[in-house]
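Student: To convert, take the position in the sequence shown, counting from 1, and add 288; that gives my numbering.
Quick reminder that beta carbons are idealized off the backbone N, C-alpha and C, glycines included.
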Amino acid sequence: MKKFVLGLICGIGFTATTAVYASDTIQAYLFSAKFVINGETKNPSDSGYQTLNYDGHTYVPIRYIAENMGSTVAYDEESKTITVDNGFNIIDINNREISAGHLSITKEGNHSIISGKLYIGYSAWNHRLIDGYQSLTKSTNTEIDVTKTDVKGKLVFRNNKGELMEKVSYEVKNAALGEEQIVTFQTLSQTDVSEYAVVTLESQQPTPSRVSGGLGRIYTDDENKVSFSVNDIVKTGEYSIVSGGLSIDKPEEVPDNSPIIITFLDATGGSLGSATTTLGEIKKAQLLFTILVGKGDFTNYKSLTVKVSN
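1. Closest by CA to Y589, which one among L576, V522, P543 and S477?
2. Suppose only complete runs of 3+ residues qualify. What are the beta strand (DSSP E) ranges in the region 538–570, listed by chain order?
3. Our contact map puts I549 next to S597 with C-beta atoms below 8 Å; I'd like the distance itself, whole angstroms only.
4. Whether or not the region 474–492 and the region 423–443 are in contact is what I'm after, with contact meaning three or more pairs of Cβ atoms, one per stretch, closer than 8 Å; do they touch?
5. Helix or strand or just coil, what does DSSP make of Q492?
6. Alpha carbons only, please: which of V486, A464 and V471 is nearest the one belonging to E454?
7. Given 8 Å as the limit, is there contact between the region 395–411 and the region 464–481, that is, 3 or more CB pairs closer than that?
8. Using only the alpha-carbon positions, how far apart do T371 and H415 sit?
9. Need the endpoints of the beta strand (DSSP E) that Y363 sits in, please.
10. Among the candidates F586, A563 and T564, whose CA atom is the shortest distance from the CA of A555?
11. Across which residues does DSSP place E454 in a beta bridge pair?
12. For Y352, is the classification buried or exposed, using 16 other Cβ atoms within 10 angstroms of its Cβ as the cut-off for buried?
13. Are at least three pairs of beta-carbons, each pair with one atom in the region 522–537 and one in the region 577–586, less than 8 Å apart?
14. Checking 8 Å against the spacing of the C-beta atoms, do K330 and F319 come in under that value?
15. Give the range of the beta strand (DSSP E) segment to which K330 is assigned.
16. Assuming contact is defined by CB atoms lying nearer than 8 Å, are K436 and A412 in contact in what I supplied?
17. Of the residues A321, G358 and S359, which one's Cα is nearest the Cα of T346?
18. Run the CB neighbour count on D334, radius 10 Å, all protein chains shown included, and call it buried at 16 or more, exposed below.
19. With DSSP as the reference, identify every bridge partner of H345, one or two as the case may be.
20. Determine the contact status of V481 and I393, defining contact as a CB-CB distance below 8 Å.
21. When burial is assigned at 16 or more other CB atoms within 10 Å of the CB, is N383 buried or exposed?
22. With a threshold of 6 Å on Cβ separation, who are the neighbours of H390 within its own chain once the five nearest residues in sequence on each side are excluded?
23. What separation, rounded to the nearest whole angstrom, lies between the Cα atoms of E365 and D438?
24. Would you check if the distance between the CB atom of E468 and the CB atom of Y410 is smaller than 8 Å?
25. Is it buried or exposed, D419, if we count other Cβ atoms within 10 angstroms and call 16 or more buried?
26. Is S517 closer than 8 Å to G504 when the C-beta atoms are compared?
Put into structure tokens, the structure is as follows:
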């Protein structure tokens, strides 16, 4: 499916802001309409969507409505099925077009069996890279199915302090390359993660065509050992996921696995909550990209503090 724009009415090519479509059986009109979704006014035309009137009934773009209500929409062209699902709440902060959900975790001995589903949006893929790969492969090896690929990544489980429990790898064979889809997976952890508090996603394939945002203001601890700059923040449930750049300015003074605590502040200097990361085995005076998770809503923070705990 190539750039399929999904609405309640599909397959009609809209070429004007106001138009009449007449045939032997239907007459439909496009008209401007605003929506109030959970108290917030939304204008679908700002996102390229239109509202349709047919036979006295209003038909709204289902993808626009569903996504503004926190749901995922996927269209399966083979079965002609539209799926609307609000259960894909495990996100990859670096690739918002892929998410996981419907996790089932069963403790077995000292590890866990994990099953669930992945939603992969059309924009999750780097289509320029895919087009080049398919063109080159078709001309050199006709035995390779260039419409399929393996989807890979990690589920990152954390405790109620935001501390890492385990990164669990997953892999889905023969996914549709470059397409929007929902797939199922099953994997096995090395430890028991059934008591996790929050889980995030780190997708390795597909890879997006771009990385969102850029680094903001740089904050440094009192002793100028470590600097941190926020790239992006997303709230999920009771937690916030933070991506940012971490610069180790005095590596000789920062012990291995030394906790680095980032505290987010509101306009009055009050704490919104903290997130902690560690350097692990990496001790180099260079910029490192890291993902932190902390309890609270950091999305409207005004400043932050950095502390190295020895």
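Tutor: Let me lay it out:
1. V522
2. 547–553 and 559–566
3. 6 Å
4. yes
5. strand
6. V486
7. yes
8. 23 Å
9. T360 to D364
10. F586
11. F445
12. buried
13. yes
14. no
15. E328 to K330
16. no
17. A321
18. exposed
19. Y342
20. yes
21. buried
22. G375, G404 and K405
23. 20 Å
24. yes
25. exposed
26. yes
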